[in-house]
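J.: Questions regarding the structure given below will be posed in turn.
2 protein chains.
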Amino acid sequence: MTTTRRNFIKNATVLSSVAAFSPHSFLAATQPLKEKLGIALVGLGYYSTDLLAPALQLTSHCELRGIVTGSPEKAAKWQQKYGIKDKNVYNYDNFDQIANNPDIDIVYVVLPPSMHREFTVRAAQAGKHVFCEKPMAPSVADCEAMIKACADHKVHLAIGYRCQHDPNIQAYMKVGKEKPFGKIKMVTSAAGYFDGRTTHWKQNKALGGGVMGDMGVYALQGARLATGEEPIAVTAQASTTRPEIYKEVEETMMFQLEFPSGALAACHTSYGINMNYLQVNYEKGWLKMEPHSAYSGNNGSLSDGTIINFENKNQQAKQMDEDAFAILNKKPLLVTGEEGLRDIRIVEAIYKAAKSGGRVKI
Amino acid sequence: MTTTRRNFIKNATVLSSVAAFSPHSFLAATQPLKEKLGIALVGLGYYSTDLLAPALQLTSHCELRGIVTGSPEKAAKWQQKYGIKDKNVYNYDNFDQIANNPDIDIVYVVLPPSMHREFTVRAAQAGKHVFCEKPMAPSVADCEAMIKACADHKVHLAIGYRCQHDPNIQAYMKVGKEKPFGKIKMVTSAAGYFDGRTTHWKQNKALGGGVMGDMGVYALQGARLATGEEPIAVTAQASTTRPEIYKEVEETMMFQLEFPSGALAACHTSYGINMNYLQVNYEKGWLKMEPHSAYSGNNGSLSDGTIINFENKNQQAKQMDEDAFAILNKKPLLVTGEEGLRDIRIVEAIYKAAKSGGRVKI
Numbered sequence: 166m167t168t169t170r171r172n173f174i175k176n177a178t179v180l181s182s183v184a185a186f187s188p189h190s191f192l193a194a195t196q197p198l199k200e201k202l203g204i205a206l207v208g209l210g211y212y213s214t215d216l217l218a219p220a221l222q223l224t225s226h227c228e229l230r231g232i233v234t235g236s237p238e239k240a241a242k243w244q245q246k247y248g249i250k251d252k253n254v255y256n257y258d259n260f261d262q263i264a265n266n267p268d269i270d271i272v273y274v275v276l277p278p279s280m281h282r283e284f285t286v287r288a289a290q291a292g293k294h295v296f297c298e299k300p301m302a303p304s305v306a307d308c309e310a311m312i313k314a315c316a317d318h319k320v321h322l323a324i325g326y327r328c329q330h331d332p333n334i335q336a337y338m339k340v341g342k343e344k345p346f347g348k349i350k351m352v353t354s355a356a357g358y359f360d361g362r363t364t365h366w367k368q369n370k371a372l373g374g375g376v377m378g379d380m381g382v383y384a385l386q387g388a389r390l391a392t393g394e395e396p397i398a399v400t401a402q403a404s405t406t407r408p409e410i411y412k413e414v415e416e417t418m419m420f421q422l423e424f425p426s427g428a429l430a431a432c433h434t435s436y437g438i439n440m441n442y443l444q445v446n447y448e449k450g451w452l453k454m455e456p457h458s459a460y461s462g463n464n465g466s467l468s469d470g471t472i473i474n475f476e477n478k479n480q481q482a483k484q485m486d487e488d489a490f491a492i493l494n495k496k497p498l499l500v501t502g503e504e505g506l507r508d509i510r511i512v513e514a515i516y517k518a519a520k521s522g523g524r525v526k527i
Numbered sequence: 166m167t168t169t170r171r172n173f174i175k176n177a178t179v180l181s182s183v184a185a186f187s188p189h190s191f192l193a194a195t196q197p198l199k200e201k202l203g204i205a206l207v208g209l210g211y212y213s214t215d216l217l218a219p220a221l222q223l224t225s226h227c228e229l230r231g232i233v234t235g236s237p238e239k240a241a242k243w244q245q246k247y248g249i250k251d252k253n254v255y256n257y258d259n260f261d262q263i264a265n266n267p268d269i270d271i272v273y274v275v276l277p278p279s280m281h282r283e284f285t286v287r288a289a290q291a292g293k294h295v296f297c298e299k300p301m302a303p304s305v306a307d308c309e310a311m312i313k314a315c316a317d318h319k320v321h322l323a324i325g326y327r328c329q330h331d332p333n334i335q336a337y338m339k340v341g342k343e344k345p346f347g348k349i350k351m352v353t354s355a356a357g358y359f360d361g362r363t364t365h366w367k368q369n370k371a372l373g374g375g376v377m378g379d380m381g382v383y384a385l386q387g388a389r390l391a392t393g394e395e396p397i398a399v400t401a402q403a404s405t406t407r408p409e410i411y412k413e414v415e416e417t418m419m420f421q422l423e424f425p426s427g428a429l430a431a432c433h434t435s436y437g438i439n440m441n442y443l444q445v446n447y448e449k450g451w452l453k454m455e456p457h458s459a460y461s462g463n464n465g466s467l468s469d470g471t472i473i474n475f476e477n478k479n480q481q482a483k484q485m486d487e488d489a490f491a492i493l494n495k496k497p498l499l500v501t502g503e504e505g506l507r508d509i510r511i512v513e514a515i516y517k518a519a520k521s522g523g524r525v526k527i
């Protein structure tokens, strides 16, 4: 089994239409377009630098045209590397002038979570569509304000849930939806990595840090997408093995979800543990994915022998291309602000449960 | 990979001495013995009928010589099938006369958990060694009384944790102890099956029912044996999807353990979910077992490519033979009453945590 070729599907009844999710079939169905949408990245940290900008060299329906950064040095470097025009470079103060820039169609907010609301609202006010990184924002109130601003200004809002664009994730979502193995009973969903940094926003509460929003939404999405249900109650346990670093936010969160069907999920997320797996036990079978939410190589298997291992060359490129294509063609976006909000509503309940020690209904 | 041949070990540094655990090497080292210990099974339900009695046809150091049952019909059937002498057949009333029966060396208590204490104490008073099925008993007080009775009467007490005799389980215990992949960070341990019965002791509180003691100790042992540590605190969530059947006891328990090293475990057990897996994430690697506590076929792998898949023809035969051999040769028993008590102490804390919704220190 390799992760670079497209393996196939033993049981045609289970995943018969999964090919519809493939980037190839998707792009093959696309008519040649006359224009690409211009994207401006706001915040030039690791994720913009190492993932989004390289991905934007592979996209067909959008391209990197602008940057928003507080660092003139970074701006110069990026301009040189990606041929970005002077007029498309903004800082956080003059950002609102982007309203007058026809080169930029989409603002992609890649800042610490505490800044997502402000820059999403400002982008919407400037009449630009918004892509916003996950976690959508630190609070439900923030998410609602972001959704409202985009609706008020008639711009689209997509959350950067790259995984939902990955055909391997779509394959297990389909199993959750179609239930070929009967009722969903139990999900274990884990997402974490060892973060050696000490002063990143991830360790800073005011900036929206804490593992639950950052990596926890992968564990949470694993459970939500695998069941196709929304949890109705949560319990949670926050902990820290490095109190000298994790003073303000949790290093690790374990949380348990109850779903309307009776399905349960045990989820764990951590900045101290390298782990990424999903296991679902159905009435009459199981699904395993490992990894289930990595940048690449997501793969798994089902109890009937089906292998899930679709090619997915660049997740971020597929995400941005599909979202740009949807905007260009007035089709629904795959992951809207409402989906981001669903997670943050649960994240808020998880924090409340961890603090109180009790079961919190959602 | 098959479960019927003895696969081998890629990484000699990790599991170099694991062969010492094999039943073959164990028995090969054994000198021919002059006698076999006689076992009387107390309680002739499914486990005695389908597992223990057939296993006792395969043992070298002990054999089935007696039965204790409330059913004359069952007694007749068993006598015919296994050639059990009339004088070695007891009911629950005349059981204490077993003290005068030199044929019987060991009483194996295979009754519902609520009866373990009474029959362990009566067997000890009769001067017989005791094998007792898991869960050891419904309460810590019961376990302590059982340990004391056996000590007072100078007889051995072994708990029927067949898994600890399985070389596949011993292999992952060794990894937990030797820590070739650094610190243990996170354990997920699941054990459950769908039980369609409605009026078994498993659904009856007075008889010691509830999934936590019965299947839950497998999930708990998975976490304890994989870490080689004792938990210092627990949280837990009990639930039931079939309230018409699970009126008195829980159908499902999720529980979370904190270990002194900082390792965490997320465990789940259920009478409504077919599941049996163990995943351990270390600082620099992982271990997976699936199943990890089945009667046969336990197997797994490590992140360095090591396969754990030892032959283990009959777990119960190996368990009883090793325990009988230990008694015959005055060697320490592998799983004593103290080990059973360790679990029940945690089980009590889990019930307390589930009831209170809070974190319970152990």
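Protein sequence lines, in the order shown, are assigned to chains A and B.
Using my numbering, the letters of the first sequence map in sequence onto residues 166 to 527.
Using my numbering, the letters of the second sequence map in sequence onto residues 166 to 527.
Idealized CB from N, CA, C, for every residue including glycine.
This structure is a prediction, so every number in the text was calculated from the model and none was measured.
1) Tell me which residue opens and which closes the beta strand (DSSP E) that B/Gln-402 is part of.
2) Tell me the DSSP secondary structure of B/His-330 in three-state form.
3) What does A/His-457 touch in chain B if you count any residue whose Cβ is under 9 Å from its own?
4) Which residue or residues does DSSP assign as beta-bridge partners of B/Tyr-411?
5) Among the residues of its own chain, which have a CB less than 8 Å from the CB of A/Pro-362, if the five just before and after it don't count?
6) What does the Cβ neighbour count give for B/Pro-300, buried or exposed, with the cut at 16 atoms within 10 Å?
7) When you compare each of B/Lys-313, B/Glu-228, B/Asp-331 to B/Val-272 by their alpha carbons, which one comes out closest?
8) Taking all protein chains shown into account, decide if B/Thr-364 is buried (16 or more other Cβ within 10 angstroms of its Cβ) or exposed.
9) So what does DSSP say about A/Ser-354, is it helix, strand or coil?
10) Please list the partners that B/Leu-467 has in chain A, where partner means a Cβ-to-Cβ separation under 7 Å.
11) Within the continuous beta strand (DSSP E) that includes A/Arg-524, where are the two ends?
12) With which residues is B/Cys-432 paired in a DSSP beta bridge?
13) Classify A/Pro-497: buried if its beta carbon has 16 or more other beta carbons within 10 angstroms, exposed otherwise.
14) Considering only the alpha carbon of each residue, which of A/Lys-339, A/Val-382, A/Gly-373, A/Lys-370 lies closest to A/Gly-357?
15) Does DSSP put B/Phe-359 in a helix, a strand or coil?
16) Which class does B/Ala-286 belong to by DSSP, given the choice of helix, strand or coil?
17) List the residues of chain A that B/Tyr-337 touches, going by C-beta distances under 8 Å, in chain order.
18) Shorter than 8 Å from the beta carbon of A/Asn-253 to some beta carbon of chain B?
19) Kindly indicate the opening and closing residues of the alpha helix (DSSP H) around A/Ile-312.
20) Can you name the start and end residues of the beta strand (DSSP E) that B/Lys-348 belongs to?
21) Within 8 Å, do at least three Cβ pairs link the segment 414 to 432 of chain A to the segment 336 to 345 of chain B?
22) Does DSSP put A/Gln-368 in a helix, in a strand, or in coil?
23) Assuming B/Val-445 and B/Tyr-326 form a contact by the criterion Cβ under 8 Å, report the distance between their Cβ atoms to the nearest whole angstrom.
24) Opposite A/His-294 in the DSSP bridges: which residues?
25) Residues in the same chain with beta-carbon distance under 6 Å from A/His-433, minus the five sequence neighbours each way, listed in chain order, please.
26) Is there a Cβ of chain A sitting closer than 8 Å to that of B/Tyr-593, yes or no?
27) Which same chain residues end up closer than 7 Å to B/Ile-515 when comparing Cβ atoms and leaving out the 5 residues on each side of it in sequence?
28) Would you say B/Ile-438 lies against chain A (beta-carbon separation less than 8 Å)?
29) Using a beta-carbon distance below 8 Å, is B/Asn-446 in contact with chain A?
30) B/Gln-444 bridges to which residues according to DSSP?
31) Going by alpha carbons, who is nearest to A/Val-512 out of A/Ser-304, A/Lys-201, A/Glu-487?
32) Rounded to a whole number of angstroms, what is the C-alpha to C-alpha distance between B/Glu-504 and B/Arg-510?
33) What do you reckon, are the CB atoms on A/Gly-437 and A/Phe-346 nearer than 8 Å?
34) For A/Ser-468, tell me which candidate among A/Asn-474, A/Pro-332, A/Leu-452 has the shortest Cα-Cα distance.
35) Does A/Thr-353 have its Cβ less than 8 Å from a Cβ in chain B?
T.: Quick answer:
1) 398 to 404
2) helix
3) Per Cβ cutoff of 9 Å: no residues; A/His-457 is ~13 Å from chain B at best.
4) Partner(s): none; B/Tyr-411 has no beta bridge.
5) Checking the sequence shown, residue 362 of chain A turns out to be Arg, not Pro. Around A/Arg-362: Gln-368.
6) buried
7) B/Glu-228
8) exposed
9) strand
10) Under the 7 Å cutoff, chain A gives no residues; its nearest Cβ is about 14 Å from B/Leu-467.
11) Looking at the DSSP string, A/Arg-524 is not in any beta strand (DSSP E), and its letter there is neither H nor E.
12) B/Ser-354, B/Phe-420
13) exposed
14) A/Val-382
15) strand
16) The identity of residue 286 of chain B in the sequence shown is Val, whereas the question assumes Ala. Note: B/Val-286 maps to helix in three-state DSSP.
17) None at all; the shortest Cβ gap to chain A is about 17 Å.
18) no
19) 305 to 317
20) Counting along the chain, B/Lys-348 falls outside any beta strand (DSSP E), and DSSP gives it neither H nor E.
21) no
22) helix
23) Rounded, the Cβ-Cβ distance is 19 Å, inconsistent with contact.
24) A/Ile-271
25) Ala-355, Met-419
26) No information on residue 593 of chain B is available, as it lies outside the stretch 166 to 527 that chain B covers here.
27) Met-377, Val-399, Ala-401, Met-418, Phe-420
28) yes
29) yes
30) B/Thr-353, B/Lys-453
31) A/Ser-304
32) 10 Å
33) no
34) A/Leu-452
35) yes
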